[in-house]
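Here is the structure we will look at.
Here is the structure:
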């Protein structure tokens, strides 16, 4: 079973997501526009 570490940064302009797959060291990054009216929509 894979173990993932997930980090989310909700900023004023962008929401950033970073995922680390611990076993392989593979990293996935995603950047989307933040939605100031409802910041949870960016997540």
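Numbering (our numbering), first residue to last: 23 to 65.
Backbone N, C-alpha and C fix where the C-beta goes; we use that ideal spot for every residue, glycine too.
(message) Given this structure, state the Cα-to-Cα distance separating residue 48 from residue 62, to the nearest angstrom.
(response) 26 Å
(request) Measure the C-alpha to C-alpha separation of residue 40 and residue 59 and round it to an integer number of angstroms. (result) 23 Å
(request) Can you say whether residue 46 is buried or exposed, counting buried as having 16 or more other CB atoms within 10 angstroms of its CB? (result) exposed
(request) Tell whether a beta-carbon distance below 8 Å holds between residue 35 and residue 54. (result) no
(request) Tell me residue 37's beta-bridge partners as DSSP assigns them. (result) 32, 54
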